[in-house]
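K.L.:
Going by the numbering used here, the sequence shown opens with residue 108, and the numbers climb by one from there. Every residue gets a Cβ at the ideal spot worked out from N, C-alpha and C, and that includes glycine.
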Amino acid sequence: MDIKLFDEAFEALPDVIRNSKPACTLMLGSGWSSVVEGMKVLAEVPYTDIPHFGGATVIGHTGRLVLCELPASGTVLAFMGRRHWYEGASWEAVVMPVEISRRLGVPALLITNAAGGIRRNLVAGDIVIIEDHIRMSPLSPLVGPHNPVFGPRFPDQTNVYSPELIEKLRLAGDEEGVELTKGVYVYSAGPVYETPAEIRAYEILGADLVGMSTVPEAMFASACGLKVAGLSFVSNMAAGISEINLSGEDVIECARRNTGKMAAIVRNFLGRL
Ligand code: HPA
Numbered sequence: 108m109d110i111k112l113f114d115e116a117f118e119a120l121p122d123v124i125r126n127s128k129p130a131c132t133l134m135l136g137s138g139w140s141s142v143v144e145g146m147k148v149l150a151e152v153p154y155t156d157i158p159h160f161g162g163a164t165v166i167g168h169t170g171r172l173v174l175c176e177l178p179a180s181g182t183v184l185a186f187m188g189r190r191h192w193y194e195g196a197s198w199e200a201v202v203m204p205v206e207i208s209r210r211l212g213v214p215a216l217l218i219t220n221a222a223g224g225i226r227r228n229l230v231a232g233d234i235v236i237i238e239d240h241i242r243m244s245p246l247s248p249l250v251g252p253h254n255p256v257f258g259p260r261f262p263d264q265t266n267v268y269s270p271e272l273i274e275k276l277r278l279a280g281d282e283e284g285v286e287l288t289k290g291v292y293v294y295s296a297g298p299v300y301e302t303p304a305e306i307r308a309y310e311i312l313g314a315d316l317v318g319m320s321t322v323p324e325a326m327f328a329s330a331c332g333l334k335v336a337g338l339s340f341v342s343n344m345a346a347g348i349s350e351i352n353l354s355g356e357d358v359i360e361c362a363r364r365n366t367g368k369m370a371a372i373v374r375n376f377l378g379r380l
């Protein structure tokens, strides 16, 4: 990690963000950006104005950072869209939302994504609380010379996803009348979708969901001391489980039909922090 790049990015943020103390950061993945719609925006920055971050290039990723007022009190920082390793983005760009949050002292990070469902009783449209992950790739933003600013050399991975935040998500689902199950997310680096044989293998390994994001950011954030929570929106059943061939457009279309419940859960969760 080149800390100078983070310094330059942080310097470029407007004062209102640099002086803020958000209660939570949201990393809004494919189809999730609408959860901040209707919130009062205090500041807004396109990713392209943040050095070394770069514009979001993926369908469904808006590419804007917004600081919003929370209905009860306080603020929330929302990154609408993320950078992925498979785009050729640097690790600095992938974890930029985490590093900006760390510098602001944000205590909690909610990572959201769209994922393929592996567990047979899932259906497209379900929302699953990530309780753990399997990293099916050696890729990691923590590889390289150790910098103690980002945590220990060998970060513990027992509770990457905070049990306390998982409970708050569960309560949010209960109150909103949205059934949320818990699941294990397997990280497949992409950009290809998986083969049916890979999905059968992941199923045997104990994975419930598959996707191409979240794990690098979650590992980095938990090493840095942030409390992490994750929500997956099941946009499709994984390859071979459903007969349908997979496309990015279908992922977004499925999310669009379910924005109401996605927003309700995130807002309810924010009210519990
Ligand atoms: N595989 C990987 N990533 C995904 C999928 C999938 O089936 N659906 C949405 N993101």
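(1) Quick one, which of Leu-133, Ala-308, Arg-210 has its alpha-carbon nearest Asn-347's?
(2) So what does Lys-289 bridge to, in DSSP terms?
(3) Would you grab the beta carbon distance between Ile-372 and Ile-237 for me? Rounded to a whole angstrom, and I think it's under 8 Å.
(4) Residues bridged to Val-88 by DSSP?
(5) Using a Cβ-Cβ cutoff of less than 8 Å, which residues in the same chain neighbour Ala-222 once the five nearest sequence positions on both sides are dropped?
(6) At the level of alpha carbons, what is the spacing between Gly-161 and Val-267?
(7) Provide the residue span of the alpha helix (DSSP H) that contains Ser-180, from first to last.
(8) Would Ala-336 pass as a contact of Leu-276 if the rule is Cβ separation under 8 Å?
(9) Confirm, please, whether the CB-CB distance from Met-134 to Val-189 is below 8 Å.
(10) Quick check on the DSSP output: the alpha helix (DSSP H) that includes Lys-368 runs from which residue to which?
(11) Quick one: any contact between the region 292-304 and the region 202-216, if contact means 3 or more CB pairs under 8 Å?
(12) Kindly provide the chain-ordered list of residues whose Cβ lies closer than 6 Å to any non-hydrogen atom of the ligand HPA.
(13) Suppose the cutoff is 8 Å on Cβ atoms and the five residues either side in sequence are ignored; what does the same chain contact list for Lys-334 look like?
(14) What are the residues that DSSP puts in a beta bridge with Ala-336?
(15) State buried or exposed for Phe-261, treating a residue as buried only when at least 16 other CB atoms are found within 10 Å of its CB.
(16) On the premise that Ala-345 lies in contact with Gly-224, defined as a C-beta separation below 8 Å, what is that separation, rounded to the nearest angstrom?
(17) Please go through the same chain and pick out, in chain order, the residues whose beta-carbon is closer than 6 Å to the beta-carbon of Ile-158, but skip the five residues on each side of it.
(18) Whose C-alpha, out of Pro-178, Lys-128, Asp-122, is nearest the C-alpha of Gly-145?
(19) Candidates His-240, Thr-288, Trp-192, Gly-313: which alpha carbon is nearest Ala-325's?
(20) Determine the closest residue to Ala-185 out of Gly-195, Ser-140, Ser-320, with distance taken between C-alpha atoms.
(21) Rounded to the nearest angstrom, what separates Tyr-154 and Lys-368 at their Cα positions?
(22) What does the Cβ neighbour count give for Thr-302, buried or exposed, with the cut at 16 atoms within 10 Å?
(23) Thinking C-beta only, is Pro-121 closer than 8 Å to Val-152?
(24) Find out if the Cβ-Cβ distance for the pair Phe-113, Glu-206 is shorter than 8 Å.
(25) If you reduce the DSSP assignment to three classes, tell me which class Ala-279 lands in.
(26) Smallest Cα separation from Ala-196: which of Glu-350, Ser-247, Asn-220, Val-358?
P.N.:
In this structure, then:
(1) Against the sequence shown, residue 347 aligns to sequence position 240. Asn is not the amino acid found at residue 347; the sequence shown has Gly there. Of the listed residues, the one whose Cα sits closest to Gly-347 is Ala-308.
(2) Here residue 289 refers to the residue found at position 182 of the sequence shown. Ile-236.
(3) Within the sequence shown, residue 372 is the residue found at index 265, counting from 1. Within the sequence shown, residue 237 is the residue found at index 130, counting from 1. Ile-372 to Ile-237, Cβ: 13 Å. No contact.
(4) Given a span of 108 to 380 for the chain in the structure shown, any question on residue 88 remains unanswerable.
(5) Against the sequence shown, residue 222 aligns to sequence position 115. Val-235, Tyr-292, Leu-316, Val-317, Gly-318, Ser-339, Phe-340, Val-341, Ser-342, listed in sequence order.
(6) Your numbering for residue 161 matches position 54 in the sequence shown. Your numbering for residue 267 matches position 160 in the sequence shown. Rounded to whole angstroms, Gly-161 to Val-267 spans 27 Å at the Cα level.
(7) Along the sequence shown, read from residue 1 onward, the residue named residue 180 stands at position 73. Per DSSP, Ser-180 belongs to no alpha helix (DSSP H) and is neither H nor E.
(8) Sequence index remark: in the sequence shown, residue 336 carries index 229 (1-based). Sequence index remark: in the sequence shown, residue 276 carries index 169 (1-based). In contact: Ala-336 and Leu-276 (Cβ atoms closer than 8 Å).
(9) Walking along the sequence shown from the start, residue 189 turns up at place 82. Walking along the sequence shown from the start, residue 134 turns up at place 27. Here residue 189 is Arg; the residue named in the question, Val, does not match the sequence. Cβ atoms of Arg-189 and Met-134: closer than 8 Å.
(10) Your numbering for residue 368 matches position 261 in the sequence shown. It spans 366-377 - the alpha helix (DSSP H) in which Lys-368 sits, taken as one unbroken run.
(11) no
(12) Ala-221, Ala-222, Gly-223, Ser-295, Tyr-300, Glu-301, Val-317, Gly-318, Met-319, Ser-342, Asn-343, Ala-345, Leu-353, Val-358
(13) Within the sequence shown, residue 334 is the residue found at index 227, counting from 1. Closer than 8 Å at Cβ, skipping near neighbours: Pro-214, Ala-215, Leu-216, Ser-269, Glu-271, Leu-272.
(14) One-based indexing of the sequence shown puts residue 336 at position 229. Looking at the DSSP assignment, Ala-336 forms a beta bridge with Leu-217.
(15) The count along the sequence shown starts at 1 and reaches residue 261 at position 154. With fewer than 16 Cβ atoms within 10 Å of its Cβ, Phe-261 is classed as exposed.
(16) Walking along the sequence shown from the start, residue 224 turns up at place 117. Walking along the sequence shown from the start, residue 345 turns up at place 238. With 8 Å as the limit, Gly-224 and Ala-345 qualify as a contact, their Cβ atoms being about 6 Å apart.
(17) Locating residue 158 in the sequence shown gives position 51, counting from the first residue. The question names Ile, but residue 158 in the sequence shown is Pro. Around Pro-158: Glu-115, Ala-116, Ala-119.
(18) Sequence index remark: in the sequence shown, residue 145 carries index 38 (1-based). Nearest option by C-alpha distance: Pro-178.
(19) On the sequence shown, residue 325 is found 218 positions in, with the first residue counted as 1. Out of His-240, Thr-288, Trp-192, Gly-313, His-240 has the C-alpha closest to the C-alpha of Ala-325.
(20) To locate residue 185, count along the sequence shown from 1; it is residue 78. Out of Gly-195, Ser-140, Ser-320, Ser-140 has the C-alpha closest to the C-alpha of Ala-185.
(21) Taking the first residue of the sequence shown as position 1, residue 154 is located at position 47. Taking the first residue of the sequence shown as position 1, residue 368 is located at position 261. Approximately 27 Å, taken between the alpha carbons.
(22) Looking up residue 302 in the sequence shown gives position 195. Exposed, by the Cβ-count rule.
(23) Working through the sequence shown from its first residue, we reach residue 152 at position 45. Working through the sequence shown from its first residue, we reach residue 121 at position 14. Going by C-beta atoms, Val-152 is nearer than 8 Å to Pro-121.
(24) Translated into positions along the sequence shown, residue 113 becomes position 6. Translated into positions along the sequence shown, residue 206 becomes position 99. Against a cut-off of 8 Å, the Cβ pair of Glu-206 and Phe-113 comes out as a contact.
(25) If you number the sequence shown from 1, residue 279 lands on position 172. Three-state result, Ala-279: helix.
(26) The residue you call residue 196 lines up with position 89 of the sequence shown. The candidate whose alpha carbon is nearest that of Ala-196 is Ser-247.
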